[in-house]
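Scroll down for the structure; my scribbles are underneath it.
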Amino acid sequence: MKEILQPSSVHAHHLPFFPPLPPDTSFPSPPQARVKRLTPVQWALAWLQVYDLTNDVRYLHTAEGIFEELTTGLNATCGGQWWDKAHTASNTINNALYISVAAHLANRVPTTSPSSQTPETYRAAAQTHLHWLRDQNLLTPNGTYVDGLDLKTCKPTGPVFTYNQGVMIGALVEMSRFPPPAAAAVATSASAEDHEEDGEEEEGASPLLDQAEAIATGTMRSLVDGDGILTETAFAPSFPDLDLVAAQFKGIFVRNLAFLSAVRPREEYREFLSRNARSVWERDRIPGGENGGLLGAAWQGPVGSVSAAAHGSGLDCLVAAAGVGG
């Protein structure tokens, strides 16, 4: 299992199978992708991962083009980015993804980028957006983010979903990789209430990673069942039959928890991922027959709703656990 996590292995075995780039940044997409902003931003993150594996700058430039389009959705009623092109919602997820893409680009584009955008440009975009998001009081007392803002009052509204937490963790981890002066500036500004400057920080300290850990801890303690299995509690008691969108949520969280664990190893993370992976394998997998090996949407089992989304999410859990030695 661990062998498939190595970039050199992925490069050697799968490089010929990466899809060809389109002639521009206009991706053929289903109808919902033309009205929502989630699909393009997910493409941007996907192309950035391919760039990391191939060093082919065309993938990087394509991600830059997508980000430029994402900026057209800024200046929503309550600030931040609109969730959709019809301007009907302003949600945590699309704003967190915006931060994540900006941070990933900041850590990858050269100082002289053909797009005329510099690392500083992308760092500033990520920093400004993170400051805005934190100022919206979207954090619950247990450290998790609610779904979005009420456009009439600009107050937090909606349930708490696992994927919002995962994307925020991933964005903060990526921002923690900014050069020390930039990372220190955004961390100090974004968490001034929680972190007072008291001299030189200890080696390895990062308020941004502290924030990511607080979100992870809140999720592992509040979005679980009695056995500590990650659960989309907003859908309870129907969570075994999540729709094709929600079935992906838990996978996004565990994938980003593994990213956090890579820079802030914690036994709690290893145990959490290991426990959930065992449950997926032992209680949420069709053991045999025509559909043998497929994974369901409810990690505590029994197998209920089975789909490509649920299966992919379960695989995320297995791979994340393998990556931390679970």
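Residue 178 in the working numbering sits at position 72 of the sequence shown; the count goes up by one each step and never skips.
For every residue, glycine included, the Cβ atom is placed at its ideal position computed from N, Cα and C.
Nothing here was measured: the structure is a model prediction, and the numbers come from that model.
Within the same chain, Trp188 and Ser196 come within 6 Å of Ala182 by CB-CB distance, once the 5 residues on both sides are set aside. Straight across, the Cα-Cα distance linking Ala202 with Gly410 is about 30 Å. Under the DSSP definition of a beta bridge, Leu336 partners with Val330. Contact annotation: the segment 385-397 does not touch the segment 353-363, with fewer than three C-beta pairs closer than 8 Å. Burial is judged here by how many other beta carbons sit within 10 angstroms of a residue's own beta carbon; Thr246 has fewer than 16 and is exposed.
Note: Gly402 is bridge-paired with Val412 in the DSSP secondary-structure output. Gln406 is not a Cβ neighbour of Asp349, given a cutoff of 8 Å.
For Thr323, the CB contacts under 7 Å within the same chain, skipping 5 residues up- and downstream, are Gly249 in chain order.
When the alpha-carbon of Gly179 is set against those of Thr194, Thr168, Leu166 and His167, the nearest one is in Thr194. Of the other Cβ atoms in all chains shown, 16 or more fall within 10 Å of the Cβ of Thr168; this residue is therefore buried. Annotated three-state conformation of Pro313 is helix, per DSSP. The alpha-carbon separation between Ile199 and Val207 amounts to approximately 12 Å.
According to the DSSP assignment, Ile358 belongs to the alpha helix (DSSP H) that extends over Phe355 to Val369. In this model, Leu278 and Pro216 are separated by some 21 Å (Cα to Cα). Counting along the chain, the unbroken alpha helix (DSSP H) around Gln271 starts and ends at Thr268 to Met281. Assigned with DSSP and collapsed to three states, Thr250 falls in coil, not helix or strand. Annotated three-state conformation of Leu245 is strand, per DSSP. For Leu211, the CB contacts under 7 Å within the same chain, skipping 5 residues up- and downstream, are Ala169, Glu170, Phe173 and Tyr228 in chain order.
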